[in-house]
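In the UniProt record's numbering, the protein residues as written are 1 to 469. Even for Gly, the Cβ is constructed at its ideal location relative to N, Cα and C. Structure first, commentary second.
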């Protein structure tokens, strides 16, 4: 019972974090566009241009918050919720003197939620022929009322909260204890809260710092690829079995591709390695602080290429040195842990079940009896799902899609975020820590839990079963 309760609590925390990041992730392209324009055309940019630079303030003040609000409302109640949420957010935007990302993340979903409740009350009670009239006016009236309330009440409250958070972050930075944040950030990342931390918390606060100072160190706390690279390098030298063999490819995907989820299973396999991630993250942030480094926008994905693209003019030495130091420190700590490890046959499969000795295909996949009882006949759609639907799931989907194509099977393989898992999915593949949330979204499909999207034998098992059926 205790295990089930803990799993349920973790799933709820992941879901809350996913909802936060889910409002930002679909709009990352717009954030990057704003970051590029900022880096290039502001007075301290690479090629200052007053005309192009005039785009910066309207984008950060209106475009980005409205996109967040629309996405938040849409998550709750489709397009109607998105429209109401975005319109209502104008109230907090106009009534504030700082970018209202926090306000958008509150008012957007609130507008969608209230629209959903009103639609439910009106369902089946509208006379034939008046549906469009009632639907349009109910949305318009609610949006207008919420915009006024947001301007008068919600906006000032959010602004006060925003100022408190900004002051707190500023105090932590001034006190020089920002590196200690990794005591909390690194464990949360491994529990697949990385997108929630980066895009739901640090990103909005960082954007406000950019508006004032032209860069922010907050963009670098969760995204630094150094700690993960150091752990994977340690596995290359001191790992054993599958963990050693897969570390090479994982390091490339992590550091160059920016998919940090690829190294999480290596820590889950040996939880003491979280100390290496903490030490690497803290040391890197210390270097960033000493050199007063910062980025102009969130590097998404957290690739070294994205890091360099978001680095302002004159900031490359501090950024690169911070990544290098975090890699070295993480590598040294991880190496020490791996060298004194007691397990003679250390293997990444233990991330699935540390209590069992598994071999062959079972080492990288787990499924319940009810999944085994479901048929692989008439499978038409396979979904790879992760928190954001863009990183590890895209990589896994690409690998399986290639195998499906080579086998001549007519099966669609796509990647989605867990919140967007479709009802017509026949097979759903997730990391084991996310399977519970995936089941809650769609319990009719076959659910497969893997520990390593890069090298899981489950892909060959799926192809074999589909071919037989």
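Nonlocal neighbours in the same chain, by C-beta distance under 8 Å from residue i, ignoring five residues either side
i           : result
residue 62  : 93
residue 154 : 91, 92, 103, 106, 107
residue 139 : 80, 83, 84, 115
residue 97  : 159
residue 313 : 39, 44, 45, 46
residue 303 : 225, 255, 256, 257, 258
residue 489 : Residue 489 lies beyond the stretch modelled for the chain, which goes from 1 to 469, so this question has no answer here.
residue 253 : 259, 262, 395, 454
Buried or exposed by the 16-neighbour rule on C-beta atoms within 10 Å, applied to residue i
i           : result
residue 264 : buried
residue 59  : buried
residue 299 : buried
residue 373 : Bear in mind that the predicted position of residue 373 carries a pLDDT of just 49, short of 50, making it unreliable; the figure below should be weighed with that in mind. Exposed.
residue 161 : exposed
residue 223 : buried
residue 204 : buried
residue 354 : Note that residue 354 has pLDDT 40, beneath the 50 cutoff, so the model's placement of it is unreliable and no number is given.
residue 398 : exposed
residue 405 : exposed
residue 410 : exposed
residue 469 : exposed
residue 64  : buried
residue 379 : buried
Straight-line Cα distance separating residue j from residue i
i           : j           : result
residue 133 : residue 393 : 42 Å
residue 79  : residue 191 : 31 Å
residue 413 : residue 22  : 22 Å
residue 238 : residue 273 : 13 Å
residue 52  : residue 207 : 19 Å
residue 350 : residue 243 : Note that residue 350 has pLDDT 48, beneath the 50 cutoff, so the model's placement of it is unreliable and the number below is only indicative. Roughly 10 Å between the two C-alpha positions.
residue 382 : residue 419 : 16 Å
residue 187 : residue 271 : 9 Å
residue 326 : residue 258 : 16 Å
residue 438 : residue 193 : 15 Å
residue 465 : residue 376 : 7 Å
residue 131 : residue 72  : 25 Å
residue 494 : residue 56  : An answer regarding residue 494 cannot be provided, because it is not within the stretch 1 to 469 covered by the chain.
residue 423 : residue 113 : 22 Å
residue 467 : residue 458 : 14 Å
residue 135 : residue 184 : 45 Å
residue 87  : residue 34  : 22 Å
residue 460 : residue 401 : 11 Å
residue 129 : residue 24  : 38 Å
residue 111 : residue 143 : 7 Å
residue 318 : residue 324 : 10 Å
residue 41  : residue 197 : 29 Å
residue 118 : residue 421 : 26 Å
residue 165 : residue 156 : 14 Å
residue 124 : residue 220 : 51 Å
residue 121 : residue 74  : 19 Å
residue 269 : residue 251 : 17 Å
residue 236 : residue 100 : 45 Å
residue 322 : residue 69  : 34 Å
residue 306 : residue 127 : 54 Å
Residue from the options with nearest C-alpha to residue i
i           : options            : result
residue 178 : 305, 217, 325, 35  : 217
residue 66  : 50, 84, 54         : 84
residue 36  : 387, 308, 269      : 308
residue 297 : 319, 288, 311, 335 : 311
residue 45  : 267, 338, 214      : 214
residue 26  : 387, 399, 318      : 387
residue 169 : 209, 95, 334, 148  : 209
residue 395 : 328, 261, 321      : 261
residue 174 : 137, 157, 416, 286 : 286
residue 89  : 440, 32, 126, 148  : 148
residue 31  : 332, 441, 199, 440 : 199
residue 431 : 332, 306, 266      : 266
Any chain C beta carbon closer than 8 Å to residue i
i           : result
residue 185 : Here chain C cannot be found, since the structure has a single protein chain.
Close-in-space but distant-in-sequence residues of the same chain around residue i (CB under 7 Å, 5 per side omitted)
i           : result
residue 330 : 226, 227, 230, 231, 276, 277, 279, 280
residue 167 : none
residue 334 : 230, 231, 234, 273, 276
Beta-carbon proximity list for residue i, same chain, < 6 Å, skipping 5 on both sides
i           : result
residue 315 : 293
residue 463 : 403, 407
residue 28  : 300
residue 109 : 72, 76
residue 338 : 234, 238
residue 384 : 393, 396, 397, 415, 429
residue 95  : 151, 155
Residue i CB to nearest heavy atom of the ligand NAP below 7 Å
i           : result
residue 159 : The model depicted lacks the ligand NAP and carries no ligand whatsoever.
**Any 3 or more C-beta pairs closer than 8 Å across the region 240-260 and the region 276-293** = Taking a cut-off of 8 Å on C-beta distances, the region 240-260 does not touch the region 276-293, as fewer than three cross pairs fall below it.
**Message:** Count Cβ pairs between the region 171-187 and the region 265-283 that sit closer than 8 Å; are there 3 or more?
**Reply:** Segments in contact, yes.
**Message:** Check whether the region 442-453 and the region 424-432 touch, using three or more Cβ-Cβ pairs below 8 Å as the test.
**Reply:** Yes: at least three Cβ pairs fall under 8 Å.
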